[in-house]
Amino acid sequence: MAQHTADQYYVPHGTKWPIVGSLGMITMLGGAAFWVNDYSLAPWAFAVGALILIYMMFGWFGQVIRESEAGLYNAQVDTSFRMGMMWFIFSEVMFFACFFGALFYARMFSVPWLGGEGTGASTNELLWQGYDAVWPTAGPAQLGGPFRTIPAFGVPFINTLILLSSGVTVTLAHHALKKDHRKGLVLWLLATVALGFVFVFLQVEEYKEAYQQLGLTLGSGIYGSTFFMLTGFHGMHVTLGAIMLTVIAIRSMRGHFKPEHHFGFEAVAWYWHFVDVVWLGLFLFVYVY
Amino acid sequence: MSIEHTHGHDHESHAAHDDHHDHKPTGFLNRWLFTTNHKDIGTLYLVFALLMFFTGGAMAMVIRAELFMPGLQLVEPDFFNQMTTMHALIMVFGAVMPAWVGFANWMIPMMIGAPDMALPRMNNWSFWILPFAFAMLLSTLLMDSGGPAAGWTLYPPLSLQGGQSFAFVVFAVHMMGISSIMGSINVIATILNMRAPGMSLLKMPLFVWTWLITAFLLIAVMPVLAGAVTMLLTDHFFGTSFFNAAGGGDPVMFQHIFWFFGHPEVYIMILPAFGVVSEIIPTFARKPLFGYTAMVYATASIAFLSFIVWAHHMFTVGMPLTGELYFMYATMLIAVPTGVKVFNWVSTMWQGSMTFETPMLFAIGFVVLFTIGGLSGLMLAITAADLQYHDTYFVVAHFHYVLVPGSVFALMAGAYYWLPKWTGHMYSEKWGKIHFWISAISVNILFFPQHYLGLAGMPRRIPDYSTQFADFNMISSIGGFIFGASQLIFVGVILHCVYKSREAASGRVWEGARGLEWILSSPPPYHSFNTPPVIDATTVAHAGEAH
Amino acid sequence: MKKQNTFIVGAAVTAAVMAAFWLLLAAPGYTGNAINMTRGVTPQSLTHYHLHMTILWICVVIGVIVFSAMFISIVLHRKSRGYEAARFTHSTKAEIAWTIIPVVILVVMAVPATRALIDMEVAPETEMTVKITGFQWRWKYDYIEDEVRFISSLHPESNAARRLQSGTDPASVENYLLDVDKPLVLPAETKIKFIITSDDVIHSWWVPALGWKRDAIPGFINEAWTEILEPGVYRGQCAELCGKDHGFMPIVLKVLPKAEFASWIQEQRRDMAHEQADVERLWSREELMSLGESVYATQCATCHQADGQGLAPGFPALAGSKVATGPLQDHIEIVLNGRDGTAMQAWGKMLSEADIAAALTYTRNAFGNDTGDVVQPQAIARIKNG
Ligand code: HEA
Ligand code: HEA
Ligand code: CUA
Ligand SMILES: [Cu+2]
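Below, the structure is given as structure tokens:
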């Protein structure tokens, strides 16, 4: 395209990355679908799909980064990116809201009803006699057997502190970037990355303990379901965020980003804060209460 | 039959200086697979949607053929249920929604004076996910277990009895969700960030407004659907008990989550229709839209209310009385802003100088038949009466009235309205009118008797029925076949317009048309507005109301 | 015909088609298919009918007003008549009016709607209780106080006629698809409580003449109540998609005067006592085979098919099946307890010991299976009771 001066909105030429991404997506999800149906080759399809997606991301983001560094993006393009990221995060918020909704529904309605409260009197009496609805519960049939829960003020609390401080470190990195303090930028970023991965590590340890010692599994009724789905999706997001932070850190080391122009950095930082806030919700409603 | 529009005054000069960048990519793959151009992507969406409309329509024909008379003649009950389920999934997610995104792609940049969509690469991806998603969904019909057969609402535990195809359905829904979310992010970023200087929010065409709000709804509820089907997946394959009472869950919880998505979803399908109709009626009434600001607020109110009424689909599940009362009142309230819209359309027509070209005919058909569907919706909202209506053909009649002569008619109105703009040629007005009249009459023969069937007690989602329902089912099926066949005319008109029509369209196309898209040439340059257009009372439709 | 008038002609044709339908609704002499909600035979159904008619007429009036305004405008304010467009763009007064007036109409509708709902949901003291359990695809009724219980399935005659291309004309079957082998019998003028649940997927219990439907949800119990004023036979259907035979699980209600009902119940109790005796005695092979054949036809054939060949892929063949020709213990086990997560349900909860023993004997010695086993009801009872 001939015109990408500062007053012209940058409209890229054709791109192959989306179609590569679609191929990756269908291979990966198709693989997953065959996998849950126990086809032996399916995990390979899944892996190949995932690799294609990773290739796509490198290619796509790489191109965007090159264009950005070449100064092709004016302020209006920057705003588009910002809006894109903000609304993407909003969609993620709604995704988590769905699982929180399930948690609240179970705790406020279905479990008490099974226990005979409100409209559930005959439900309890005729179908689940003797079921005492106290949270945490694996339901009237004790699916998955007896279990114990992870106390809030152990590892989860430590993890809360870790995530909160990583929110501080990423902000410090941002300040450093705005003051064009490259060393501070890189150091604080690396600290954030480290905190992120420590969090993931502790979370994995916690899962191991749950499965091996506490008898708490994905199959432990509604408690196990909500617990693992919420913390699991959160953990996946932290992992993703930490990888994104790593990329940003490497880019910072290579001298990318300018004090007044660093959308890539900010996008990752927002994402990280989002992951952080979700955790606070989790800590409160999954562990403490 | 003569063509009743008059070629208006052109502003080719505005468009002219954009033309020197007007180089389309060459080669089929470059043009269609790799494109970042909002018009090409819009075309892709529209063509895909039309294909899906026929696919879903063919399934509807199977349904209507089996229901033509009592007794099972054509298909096994399980296959019938697969047809019902797939018909709905394909019509909703494959035909109507992508068609609206296609319109958004084509029209929004032109209507707000932008060069393209805000995020052109992502725009390509949001389209190119769809063919894969639907290939995956349709492939389930070929599997041993057959396709999904639990209804488009996928209620557990029934949906969990689905065999190997189940996981494919879930992942296909995930892909559709990802596509919709990306498409909507693009629409919002375009509208909020790409408007030409001077195009303030309250000068935007109503179609742009309705899409802005639709996009917000989509981003808010598609992730919720994704979460819901994910829970189905883990309940089926990984031993969770979200929807299993033995483990402390509740099958009804799925319904709450589904309808938290599902109710806004139906407005996702109708709000852009409101937008298109609000563009067309003023054009052919040669009179500005009545109550522009009220229309904007009404749209926003409908969107807001759509989040808090979901359980009106669940009046028979045994909610506590207070819940049922609340959901009844909240649902009834939606009639107020929707009424404002209907009254404003009528007032726009009132004392206009009307002509009745095909787009106007479809728009008028929309207003009348959508209102009928809306009024039956209001009846469904009355909880005690819904204890009788629920899950009968009365409901089927309601939602087809708002969806087929509602959303689909508005899509057709829009297609006829902008086809000359898109292609640079006039379509055949005669065949357009024939298409309209056959469609409008047959759609009533198709769906009106279904009200009676429902009231007389015929449940929905059944492949066979007792003989007392025979007469109206036969009438309905005949209407269905005529309606289906008449859609072939639509395809004929489009093909003729694109490939054969010699009559060039002017830039303005319709005498009464106002708005930025009409100051561009027909067809418009490849990149809509590289230089922002001048916004003044002559170029936009709503240059502020006269206060 | 002048071109400008195509619109009017077209609109007239459409309106005429719609009006023809409407006339059907109004014509008193019309004897064809029913076209309106039933008035039913309970106070609730009557309330719901009147509520329905009220809101219907309100909607009709709104429709007529809105459409008239439109069509007047279409007829008068058209360019072909030389009408010049006015330029007005809004009117605050009008807009306020058409916000307020609909609100008022809605309030008018909400009042009777609220009353009807409260009447329905707030249950009075009831005199008897019937537990309704939905299964794929039949209903089980349990008279709690009288300890009478039985299963009600699609009538065999309908069941045969409804097969794909069965060759039987549905019109020749009495109450095609709306008949059962054993109807639910209830007393008139009695306040009856229903407790409704399901054993597998969600069903919905609906007899239009009672005026409501209620979902049967596995793991939860829903309550509803009724008081039927007139003896008679009332028919309904499952109203929630519940799998392939959702269309084939009708409900038939036989309402008897109180006294007749009392004697009917006594009879049922006697029959159940006989059944108890039947469990204890020894049965001959012939007896078991002939009972088995009929149990198989009414209960099992829906899925495993009359010839025992099943319906691939979902429903396995019993002819030559490893289970039906293998160790007896496993066979009894699956029929008694069903298989979780499949449509094969726990028949132990539904059928009598004799029925199960007969079905087992039959399936082990029919369709070419020749184990020669004879399963006694006693044996089933022993396993069932631990
Ligand atoms: C485009 C899609 C669309 C739209 C716009 C609507 C609009 C409405 N719908 Fe509908 N609906 C569906 C699609 C849609 N619906 C679908 C797909 C289902 C079934 C899903 C399934 O189960 O598979 C469904 C089901 C459905 C139910 C559940 C029925 C049941 O299963 O038992 C209910 C109940 O309240 C309902 C209500 C309404 C109401 C009150 C409106 C209102 O928005 C209508 C408002 C409009 C008007 C009222 C007319 C115009 C107003 C005036 C002229 C003003 C004056 C009027 C008054 C003062 C009354 N709908
Ligand atoms: C936007 C959504 C949309 C659209 C456009 C339609 C369009 C149509 N629908 Fe559908 N429908 C739904 C959404 C939609 N529907 C939903 C959500 C359900 C509920 C599903 C559920 O219960 O889970 C449903 C259910 C549903 C049922 C109830 C099924 C049941 O309960 O078992 C029926 C029955 O008549 C039906 C019929 C039709 C018909 C005849 C059309 C027609 O308008 C279609 C017309 C189009 C064509 C016919 C295609 C074009 C022509 C050809 C392919 C050429 C060949 C044809 C001939 C020569 C005749 N639909
Ligand atoms: Cu049982 Cu439908
Ligand atoms: Cu709704």
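Protein chains in written order, with numbering that gives the first Met the number 0: chain A, 0 to 288; chain B, 0 to 546; chain C, 0 to 385.
Ideal Cβ placement from N, Cα and C applies to all residues, glycine included.
Predicted model, so just to flag it, every value in this text is computed and none were measured.
Beyond the five residues adjoining it in sequence on each side, residue 159 of chain A comes within less than 8 angstroms, by CB distance, of 278, 279 and 282 in the same chain, given in chain order.
Between ligand 1 and the CB of residue 104 of chain C, the shortest heavy atom gap is smaller than 7 angstroms. If you look at residue 214 of chain C, you'll find it in the beta strand (DSSP E) that goes 211-215. If you draw a 10 Å sphere on the C-beta of residue 212 of chain C, you find 16 or more other C-beta atoms in it, and that means buried. Within the stretch 187-262 of chain B, not a single complete beta strand (DSSP E) segment reaches 3 residues in length.
Between the beta-carbon of residue 209 of chain C and that of residue 43 of chain C there is about 7 angstroms, and that keeps the pair under the 8 angstroms contact cut.
Using a Cβ-Cβ cut-off of 9 angstroms, residue 408 of chain B is close to nothing in chain C; its nearest Cβ partner there is about 13 angstroms away.
Taking CB atoms only, residue 35 of chain A has a neighbour in chain B less than 8 angstroms away. Beta-bridge analysis with DSSP links residue 314 of chain C to C:310. The alpha-carbon separation between residue 247 of chain B and residue 221 of chain A amounts to approximately 5 angstroms.
In this structure, ligand 2 has no non-hydrogen atom nearer than 7 angstroms to the beta-carbon of residue 52 of chain A. Taken through DSSP and simplified to helix, strand or coil, residue 140 of chain C comes out as strand. DSSP lists C:192 as the beta-bridge partner residues of residue 224 of chain C.
Contact of residue 207 of chain C with chain B by beta-carbon distance below 8 angstroms involves 387 and 456.
The three-state reading of DSSP puts residue 151 of chain C in strand, counting E and B together.
Collapsing the DSSP output to three states places residue 159 of chain B in a helix.
At least one C-beta of chain A is nearer than 8 angstroms to the C-beta of residue 120 of chain B. Within the stretch 200-230 of chain A, contact with chain C at the beta-carbon level (separation under 8 angstroms) is assigned to no residue.
Under the Cβ distance rule, residue 123 of chain B counts among the residues neighbouring chain A, one pair being separated by less than 8 angstroms. By the Cβ neighbour-count rule, residue 445 of chain B is buried, with 16 or more other Cβ atoms within 10 Å of its own. Interface with chain C (8 angstroms Cβ-Cβ cutoff): residue 340 of chain B is excluded.
Residue contact check for residue 154 of chain B against chain C: a CB pair falls below 8 angstroms.
In this structure, residue 388 of chain B has its beta carbon less than 7 angstroms from a heavy atom of ligand 1. If you check the C-beta of residue 91 of chain A against ligand 3, you find no heavy atom less than 7 angstroms away.
Residue 492 of chain B and residue 486 of chain B have their C-alpha atoms some 10 angstroms from each other.
Residue pairing by DSSP places residue 206 of chain C opposite C:211 in a beta bridge. Proximity of chain B to residue 239 of chain A at the Cβ level (cut-off 8 angstroms) is not reached, the minimal Cβ distance being about 15 angstroms. The stretch 369-387 of chain B makes contact with the stretch 99-115 of chain C, as at least three CB pairs between them are under 8 angstroms.
At a threshold of 7 angstroms, residue 115 of chain B does not count as near ligand 1, since its beta carbon sits no closer than that to any of the ligand's heavy atoms.
The beta carbon of residue 47 of chain A lies closer than 6 angstroms to those of 26 in the same chain, with the five residues before and after it left out. When 8 angstroms is used as the limit between beta carbons, residue 126 of chain A is near these residues of chain C: 196, 218, 219 and 220, in chain order. Across the stretch 304-326 of chain B, CB contacts with chain C closer than 8 angstroms involve 315, 316, 317, 320, 323 and 324, in sequence order along the chain. At a cut-off of 8 angstroms between beta-carbon atoms, residue 107 of chain A makes no contact with chain B.
Contact holds between the stretch 139-146 of chain B and the stretch 74-86 of chain B, because three or more Cβ pairs, one in each stretch, are under 8 angstroms apart.
Taking 8 angstroms as the CB threshold, residue 112 of chain A lines the interface with chain C. For a cut-off of 8 angstroms, the C-beta gap from residue 86 of chain A to residue 218 of chain B is around 6 angstroms, short enough to register as a contact.
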